[in-house]
Structures are given as structure tokens and as C-alpha cells.
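Here our numbering runs 2 ahead of the position in the sequence shown, where the first position is 1. Here a beta-carbon is modelled for each residue, glycine too, at the ideal position from N, C-alpha and C. Right, one structure below, let's go through it.
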Amino acid sequence: FEELNKKKEQAERRYHELKKRLEEFEASKQEIIEQYRAEGLAEKEKIIAEARQRADQILEQAEMTIQREIMAAGESLKQEILDSAAKRAREIIDREMTDRDQDHLVDEFIKSVEKLH
């Protein structure tokens with residue numbers, strides 16, 4: 003009996019030790035899971051923040067590109083208008099100016115140059 007009681011006590015001690023180790027393992031496992039969950043959330047937020055930052059950069063670059071293109075188009079349009087106006091003026095002058103008008107303009111130019119000297 004005594005031998006059985008000792009073995010029973012040893013078995014109970016071993017059972018309690020293993021039960022305690024299992025509980026510690028479970029607690030440790032939960033801590034690790036929570037740690038990984040927290041790290042995962044932090045990484046997720048970091049990725050989202052980086053994506054938002056990159057999206058903002060892309061939008062900013064797109065806006066700058068659009069502004070440059072608008073300015074270039076405006077300059078191109080101004081030049082087209084000036085070229086068209088100059089062409090139209092030449093056409094009108096060629097059509098409406100007589101030889102007499104040209105002679106008069108040449109005389110006026112010569113007089114103005116002579117006044118300068």
C-alpha cells in the first residue's frame with residue numbers, strides 16, 4: 003500500500019506539474035499570438051500609411067504635370083493667335099495697299115530716319 007500511495011502521490015505531483023506547464027504554455031502562446039497580432043496591425047497601418055503617402059505624391063506629380071501642360075497649351079494657343087493675326091494682317095495689307103500707299107510709307111520712313119541723323 004505504501005508503495006502504491008507513493009506512486010500515486012508522484013503521479014499526482016507529475017500531473018500538477020504538467021498541468022502547470024501546460025497552463026504556462028497556453029499563457030505564453032496567447033502572449034505570442036497577441037504580440038504577432040499587434041505587430042500585424044502595426045505593419046498593416048504602416049503599409050496603409052505608405053500607400054497613402056505614395057498616392058499623395060502621385061496626385062501631386064499629376065497636378066504639376068497638368069499645370070505644365072495647361073501653361074504649354076496656353077503659350078501654344080497665344081502663338082497660334084499671333085501667327086494667325088500676323089498672316090491676316092499681311093493678307094489685308096497685300097490686298098488693300100496700293101503702290102502709292104507703299105511709296106508714301108517709304109517716304110515717311112526715310113523722313114523719320116533723316117530726323118534721327
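Taking only the alpha-carbon atoms, compute the straight-line gap between residue i and residue j and give it to the nearest angstrom.
| i | j | result |
| --- | --- | --- |
| D96 | Q69 | 40 angstroms |
| E19 | S30 | 16 angstroms |
| A64 | I49 | 22 angstroms |
| T100 | A75 | 39 angstroms |
| E52 | R16 | 53 angstroms |
| K10 | Y38 | 41 angstroms |
| I35 | F27 | 12 angstroms |
| Q59 | I72 | 20 angstroms |
| L84 | R92 | 12 angstroms |
| H106 | E98 | 14 angstroms |
| R102 | E110 | 12 angstroms |
| A40 | E14 | 38 angstroms |
(message) Which runs of the alpha helix (DSSP H) at least 4 residues long sit entirely within the region 32-77? Give them in chain order.
(response) none
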